[in-house]
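Under the UniProt record's numbering, the sequence shown has 40 at position 40, and the numbering climbs by one with no breaks.
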Amino acid sequence: MDSRIYFDQNGVLSKRFGLTSVPARITPAPSGERLNIETFPVK
């Protein structure tokens with residue numbers, strides 16, 4: 001795995017990025033000026 005994984009146990013990152021669903025992946029947009037946020041359904 002080539003990427004960093006963060007476990008947000010106190011909800012600090014979720015609040016900062018406005019996440020309302022987890023799990024989520026935050027990656028830089030191709031332009032580099034914004035972030036893409038993807039959420040995934042849990043089965």
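All C-beta atoms in this analysis are idealised placements derived from N, C-alpha and C, irrespective of residue type, glycine included.
None of the values given here were measured: they were computed from a predicted structure.
Using beta-carbon positions only, say whether residue i and residue j come within less than 8 Å of one another.
i, j, result
"phenylalanine 7", "isoleucine 37", "no"
"proline 28", "phenylalanine 40", "no"
Considering only DSSP beta bridges, list what residue i is partnered with.
i, result
"asparagine 10", "The partner list for asparagine 10 (beta bridge, DSSP) is empty, contrary to what the question assumes."
"glutamate 38", "Arg25"
Please confirm whether any heavy atom of the ligand SAM lies closer than 7 Å to the CB of residue i.
i, result
"threonine 39", "The ligand SAM is absent from the structure shown, which contains no ligands of any kind."
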